[in-house]
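Below is one structure; the comments refer to it alone.
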Amino acid sequence: MQKIRPLLLLWGLMQAQLPPLLDRELFFGDPEIASLQLSPNGRWLSFLKPYNGTLNVWLQPLQEGQLGEAFPITASSKQPITQYFWSQDGEYLLYVQDRDGDENYHLYRIRISQAAPGQIPPATDLTPREGIRVVSYAFPKFKPGVAYIGLNDRDPTLHDLYELNLATGELKRLYQNTEGILGWGIDEEGRIRFAAKTGPEGETILLQVQRKGQGFTFKKVYETAWDESASIAHLPRKGKEIYLITNKGVDKTRLVAFDPASGQEREIHRDPENRVDLGAAVFDDRTDKLRLVSYTDDKKRRYFFDPKLERWFRHWEERLPGGEVGLSSLTDDERYAIVAYTSDREPAQYFLWDAQKEALREIGRSHPTLPAEHLAERRPIQLRVRDGASIPAYLTLPKGVTPKNLPAVLLVHGGPWYRDYWGYDPFAQFLANRGYAVLQVNFRGSTGYGKAFLNAGNRQWGTGTMQHDLTDAVQQLVQEGTFDPRRIAIMGGSYGGYATLAGVTFTPELYACGVSIVGPSSILTLIRSVPPYWKPLIKIFYNRVGNPDDPADQERLKAQSPLYHVDRIRVPLLIVQGANDPRVKKQESDQIVAALHAKGYPVRYLLAPDEGHGFQKYENRMAMIVAIEQFLGERLGGRVQAEVPEKIARRLQELTVDPATVKPPTPESAAVPTATLRLPLQKPYRSRWLYQVSIRGKQFTAKGTEEWTLLPQGGWQFVESIESSDLPALRTADTTVLNAQGQMERYHRLQQGAEITLQRKDNKVEGSLRAMGQNLPIEAALEGTPLYPISGALRYYLASLPLQVGYSAKIPLLSLQQQKFTEARITVEGEEKILVAGQEKLCWRVGIQAEGVQQTIWIEQSTGLPWRNQTVVSGASFLGDRIE
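So for the sequence shown, the numbering used here puts the first residue at 47; every next one is plus one.
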């Protein structure tokens with residue numbers, strides 16, 4: 047007790063020197079104003095501001111430099127609006143919004159002519175389709191009434207290209223995406239000139255696009271290795287060259303001019319200090335001239351090519367010293383601009399620039415009541431790690447105290463292919479105000495510092511370089527005496543949440559506690575359950591992280607996943623999760639919470655049923671902050687604001703989950719036990735299907751029927767037929783006879799003169815493949831292996847598995863080509879509402895990967911019946927919807 051009293055006295059003296067305890071609302075409440083934009087015609091200022099307790103879009107008239115009365119033009123009451131933009135003619139304001147964090151964004155339109163004070167104009171959903179995610183490609187300046195967007199309504203993994211008429215809402219599909227296109231290069235006149243895709247090894251491929259009739263042709267003009275990058279910076283309307291940002295053949299990204307006809311490129315600009323990647327290149331859309339380039343080192347650096355723009359920035363920087371100024375919006379005539387000033391102690395201060403008068407006028411601050419004088423400096427530093435490398439980081443020390451033996455929080459950024467930047471960080475300032483030192487490390491694997499720095503993190507999660515850099519950074523500040531080694535927490539979101547779990551698992555002696563926000567606990571289940579629209583990028587995940595279905599990678603990934611090593615964890619954890627997170631599924635948090643509770647280890651769990659990858663809604667966000675503040679206060683002894691508003695306390699109670707009630711998910715590596723597949727039918731059943739077929743870029747339609755019949759001796763017969771008037775070769779007839787355990791007894795397939803017959807006989811399956819005058823015998827030993835159907839019958843049996851998001855299992859399927867059983871993997875990729883046969887169905891989206899064939903099946907949760915299925919094989923795609 048005598049030893050403890052001096053420490054308590056020292057901590058009490060330190061708290062007395064800290065600035066006033068600031069209300070958490072000042073850091074994490076909704077902004078007063080945010081995302082300021084000028085309409086292209088200069089008539090309006092728009093911004094985000096709370097309306098009825100939720101972030102909405104507001105308008106303010108602008109006339110001759112004077113701002114009129116502001117009024118709201120949206121009235122979203124549940125989901126905050128966070129992204130919006132203007133049409134090029136200023137006639138429409140558009141915004142995107144998802145449902146409770148599921149990231150299935152829809153595009154909405156508001157007619158500015160209908161906006162007026164006291165009157166909320168109607169918002170039209172321009173993409174009114176269930177279960178889709180819109181991607182915006184281009185809003186051409188010189189074709190203002192049109193937008194080019196992508197929709198994954200036909201295939202959830204790929205976005206087809208559409209032309210959208212903003213006035214009428216008419217959607218015209220320009221390209222059915224059969225080539226795996228991920229992005230389009232569309233110039234300001236609306237000409238579709240280039241497309242980008244990922245190659246089979248993860249390489250970036252740039253394709254030149256030519257119109258051919260109603261379709262497109264593609265010519266490869268540029269390609270990088272999988273660990274390099276290339277993106278279009280600008281498409282001039284005239285001339286042979288285009289501008290790319292790329293690190294092909296060099297370490298750091300640079301701006302180059304590229305001639306697609308000759309394949310030649312010339313360098314325009316690279317970092318003169320050779321420290322970081324190119325951050326941005328700004329061009330004049332009317333003249334196609336380069337105006338400036340920027341690089342983000344510890345802070346941002348700009349290099350100008352436009353004297354007028356340089357003069358503007360110099361003027362702003364003289365008026366607003368100490369931070370960073372940015373040009374966030376500019377009218378078409380360049381008369382007016384929005385200038386944003388930020389610093390480590392200023393979230394955002396907005397100004398209206400009148401170029402004609404060269405006058406800068408303040409509009410407002412995002413958080414006007416936040417007292418900058420009580421906030422801390424966020425200082426760039428360099429830290430030396432175990433292999434001698436120097437790693438950039440930011441250190442925020444609590445104001446007013448000597449930086450010795452401080453309680454500390456290691457705050458890890460997400461991504462992981464991202465980086466921390468200098469400027470205002472609400473978590474860093476909030477924690478510093480509570481008395482904690484805050485360290486943010488740009489560990490290797492972070493972006494922005496060149497190809498070698500990024501690639502040094504490849505496959506280095508958890509037990510490798512990425513985590514070692516974090517560990518070594520903390521240990522250096524402990525050795526220097528800045529951090530108290532007994533009072534260090536690790537905290538982060540997304541990848542930062544994973545790093546938190548890895549930190550307390552693989553270096554448990556270093557941390558007193560951890561806070562994981564939407565963090566994956568198993569890399570295996572994380573990669574197997576990525577959103578469908580990430581599937582075209584999956585090779586990049588395999589290259590940079592690992593392939594969970596490769597035996598060699600599987601063992602390493604398991605060794606790097608905290609879930610399988612919970613017995614090493616010795617400190618309390620706070621786990622935070624959104625139930626609708628499409629990237630890091632709820633399973634990731636459920637399984638670590640269940641595993642920790644089973645071991646008797648201390649864990650707290652917050653689960654928001656109406657959030658996704660992070661908490662956007664005010665009450666949820668504030669409840670989470672209260673939980674983090676109290677948790678760190680208990681473990682590290684920092685200051686805690688005692689007052690909690692009643693509605694926030696109530697919401698925190700609602701979000702808190704008893705770990706004892708969390709059921710551990712089925713292990714992801716489990717094999718489907720023999721004789722567990724059952725049919726969700728009690729009587730004969732018939733359905734009709736409509737198929738959209740894509741083969742080598744050509745589109746066809748087909749019709750199908752499926753019929754189940756009870757057999758007198760028990761078991762079922764399944765007959766499936768498909769035919770197409772567009773392509774007679776698609777005509778197929780399958781008959782499968784199954785026993786009561788869902789195992790195949792006989793199979794017959796007839797398609798365009800080819801015939802397959804199979805029959806179970808004793809302890810083997812035998813049959814033949816007859817085609818083109820040849821007869822190929824088929825024989826494979828069963829040896830106790832269940833003979834599951836290889837036809838469409840299989841999808842009806844999947845509902846008998848314990849389906850939930852993230853569930854994964856293996857099933858043996860007969861390979862006719864190899865004449866042996868190979869493993870197919872079944873994965874529940876998510877749950878999704880789909881619209882089929884005029885009805886909305888809540889379905890499990892189940893993927894089956896087997897021998898070069900990828901199937902996706904949408905199984906209705908209430909009935910277990912399939913309502914949609916897609917098969918991709920050898921470049922052909924078959925997407926079928928049940929129509930009755």
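Every residue, glycine too, gets a C-beta built ideally from N, C-alpha and C. Bear in mind that the values here come from a model prediction, so they are computed numbers and not experimental data.
Can you round the beta-carbon distance between residue i and residue j to whole angstroms, since I take them to be within the 8 Å contact cut?
i	j	result
D148	G658	6 Å
F74	Q475	Between Q475 and F74 the Cβ distance is about 10 Å, and since that is not below 8 Å, they are no contact.
I127	L101	6 Å
R871	D595	6 Å
Q805	T778	20 Å between Cβ atoms; not a contact.
W890	Q907	6 Å
L373	V339	Wrong, their Cβ atoms sit about 14 Å apart, outside the cutoff.
A535	G560	6 Å
L603	Q623	Contact flag wrong, Cβ pair sits at about 21 Å.
N488	A439	6 Å
T250	A241	Incorrect: roughly 12 Å between the Cβ atoms, too far for contact.
Check whether the Cβ of residue i lies closer than 8 Å to any Cβ atom in chain B.
i	result
L373	The structure shown contains no chain B, having only a single protein chain.
Could you spell out where the beta strand (DSSP E) holding residue i opens and where it closes?
i	result
I409	405-411
T571	Note, T571: premise wrong, no beta strand (DSSP E); alpha helix (DSSP H) at 569-574.
M818	No beta strand (DSSP E) contains M818, which DSSP labels as neither H nor E.
I384	382-389
E878	866-882
P96	90-97
Q428	424-430
If you follow the alpha helix (DSSP H) that residue i is in, where does it begin and where does it stop?
i	result
T551	541-552
W362	353-365
H514	511-525
Q486	Per DSSP, Q486 belongs to no alpha helix (DSSP H); it is in the beta strand (DSSP E), 483-487.
Q885	Element bounds for Q885: not the alpha helix (DSSP H) but the beta strand (DSSP E), 885-896.
D379	D379 -> no alpha helix (DSSP H), and no H or E assigned at all.
Y610	Element bounds for Y610: n/a, residue is neither H nor E.
Y588	584-590
Would residue i pass as a contact of residue j if the rule is Cβ separation under 8 Å?
i	j	result
P835	T782	yes
E549	L516	Before going on, a small fix: residue 549 reads as Gly here, not Glu. The answer is yes: Cβ separation under 8 Å.
T203	Y579	yes
Y541	G461	yes
L207	T173	no
L68	G446	no
Q850	P711	yes
A826	L859	no
L572	I638	no
Y647	I621	no
A394	A386	yes
Q165	P86	no
A839	G910	no
Mapping DSSP to helix, strand and coil, what is residue i?
i	result
E812	strand
H205	strand
R70	helix
P719	For P719, the pLDDT reaches just 46, beneath the cut-off of 50, and the residue's location in the model is therefore unreliable, although a value from the coordinates is still provided. Coil at P719, not helix or strand.
Q63	helix
P912	strand
H794	strand
V672	helix
P774	helix
A827	strand
T707	helix
Find the nearest neighbour of residue i within the set the options, judged by alpha-carbon distance.
i	options	result
L12	L457, P730, G750, Q901	The shown model of the chain, from 47 to 930, leaves out residue 12, and the question about it has no answer.
Q916	T909, R928, S908, Q907	R928
A193	T214, S767, A162	T214
G248	P730, L840, P582, I288	P582
L355	G838, L619, K346, V328	V328
E766	V739, G368, R734, F529	R734
P107	S92, Y97, P96	S92
T292	K284, K286, F661, V322	V322
L84	L477, N211, D378	D378
Y557	S568, R533, D704	R533
D808	L828, F867, H152	L828
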